[in-house]
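> Here you go, one structure.
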Amino acid sequence: MSDSNPLVSVVLPTYNRPDGLRQAVASVAAQTYDPIELVVVDDHSEIPAREVLDEPTVGVDTIQQVRIIRHPTNRGGNAARNTGIRAATGRFVAFHDDDDEWYPEKLARQVDVFGDVSETVGLVYTGTEYREAGKTVQKQTGGVRGDVTRDLLLGGSLSEFSGVMVRRSVVDDAGLPDERFPSWQDREWFVRLSQHCRFASVDEALTIRYVEGGDRVTKRFETKRDESFPLFVEQFRPLARQLGIERQFVAAHRAKLGKEALRTGYYSDARRLLALALLGGHVDSDTLVHLSVALGGRVTYQSAKRLARAVRARGVPT
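Taking the UniProt record's numbering, I'd label the letters of the sequence shown as residues 1 to 318.
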């Protein structure tokens, strides 16, 4: 281990996804970067993670350092991440989920960026490739960079946990992810991290996320609407007020929640939230388009989805 090749700790929480865990760990084992410390936190899965990872086909034996920690009870994703962060010993901490994958060069590219920028950069993220039914449906790159607190409060985006690598010293300054949040944990933590460092990015889609559907996504929207959104606004309203953007901050996150309501079939919620966002000053073409689609309910939304897929299939950016 050297200054040019610092240890990267990969924190991977898992719960009842043995197939996903195998896939995620295999993508860690395939990384071109070395040295890696893998910290798997089993949030009390029915099949213990240790049994899953003992299978030789997973490739865990090729990773330099591996630790598997099992919670005695199920405590949730953020608690599992925090257990992993506390156990991590690397200079950098990267996060993985048990339903995602990485391209082999992902960690190496992030460490390269850290080596090219100043010590004021504490977080480097990659772009994301979204797959549905085995097919790539979208690639997202770019996002906020530099001093990003204001941008994040105004709805700016970067990545989710699986695309992020953080300098450990910044985690020590900002604190751990907030376990009160059932969702939007990443967004809440990123705002706090941004108050202690600058952000940078790798403009390549090196993180793969699989698009979900069904009851799980529906329940997730309800949780965001009823728990995460009010808690997020309560926590950061004073900071937004201090920056002179309180009204815009609330409106931007209503717009974000309204777009998710539309995607999950909550058309009445979508219309209400998007209209309130526009009235609150979050006036942009994307919000206007989403509200226009929401006005027609399911028929309009499904037609818009088919049109967007057709456009992407022809290689035209959307």
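From the three backbone atoms N, C-alpha and C, an ideal C-beta is built for every residue, glycine too.
(1) Using DSSP bridges, identify the partner residues of leucine 239.
(2) Can you give me the C-alpha to C-alpha distance between glycine 280 and glycine 127, rounded to a whole angstrom?
(3) Pick from Phe92, Val164, His196: whose alpha carbon is nearest that of asparagine 5?
(4) Rounded to the nearest angstrom, how far is the Cβ of valine 137 from that of valine 211, given a contact under 8 Å?
(5) Of the choices Val250, Thr83, Gly59, whose alpha-carbon is the least far from that of valine 41?
(6) So for glutamate 234, helix, strand or coil by DSSP?
(7) I'd like the ranges of any beta strand (DSSP E) spanning at least 3 consecutive residues and lying wholly in the stretch 44-104.
(8) Nearest-angstrom Cα distance between valine 52 and phenylalanine 199?
(9) Could you tell me which of Ile68, Glu101, Gly59, Ser9 sits nearest to arginine 209, measuring between CA atoms?
(10) Among residues of its own chain, excluding the 5 on either side of tyrosine 103, which ones have a beta-carbon nearer than 7 Å to its beta-carbon?
(11) Count the other CB atoms within 10 Å of the CB of glutamate 260; is the residue buried (16 or more) or exposed (fewer)?
(12) Exposed or buried, which one is isoleucine 68 when buried takes at least 16 other CB atoms within 10 Å?
(13) Does the beta-carbon distance from lysine 224 to serine 183 come in below 7 Å?
(14) Would you tell me roughly how many angstroms separate the C-alpha atoms of valine 170 and phenylalanine 114, rounded to the nearest one?
(15) The alpha helix (DSSP H) that contains valine 250, what's its start and end?
(16) Can you tell which of Pro72, Gly20, Val191 has its C-alpha closest to the C-alpha of arginine 150?
(17) Cβ atoms of glutamate 179 and asparagine 78: under 7 Å apart, would you say?
(18) Apart from the five residues just before and just after alanine 240, which ones in its own chain have a Cβ nearer than 6 Å to its Cβ?
(19) Based on DSSP bridge pairs, tell me the residues matched to residue 319.
In this structure, then:
(1) DSSP, once it has assigned bridges, lists no residue as partnering leucine 239.
(2) 30 Å
(3) Phe92
(4) 6 Å
(5) Thr83
(6) helix
(7) 65-70, 92-95, 100-102
(8) 35 Å
(9) Glu101
(10) Leu206
(11) buried
(12) buried
(13) yes
(14) 13 Å
(15) 246-263
(16) Val191
(17) yes
(18) Leu153, Glu246, Phe249
(19) This structure does not reach residue 319, given that the chain is present from 1 up to 318, and the question cannot be answered.
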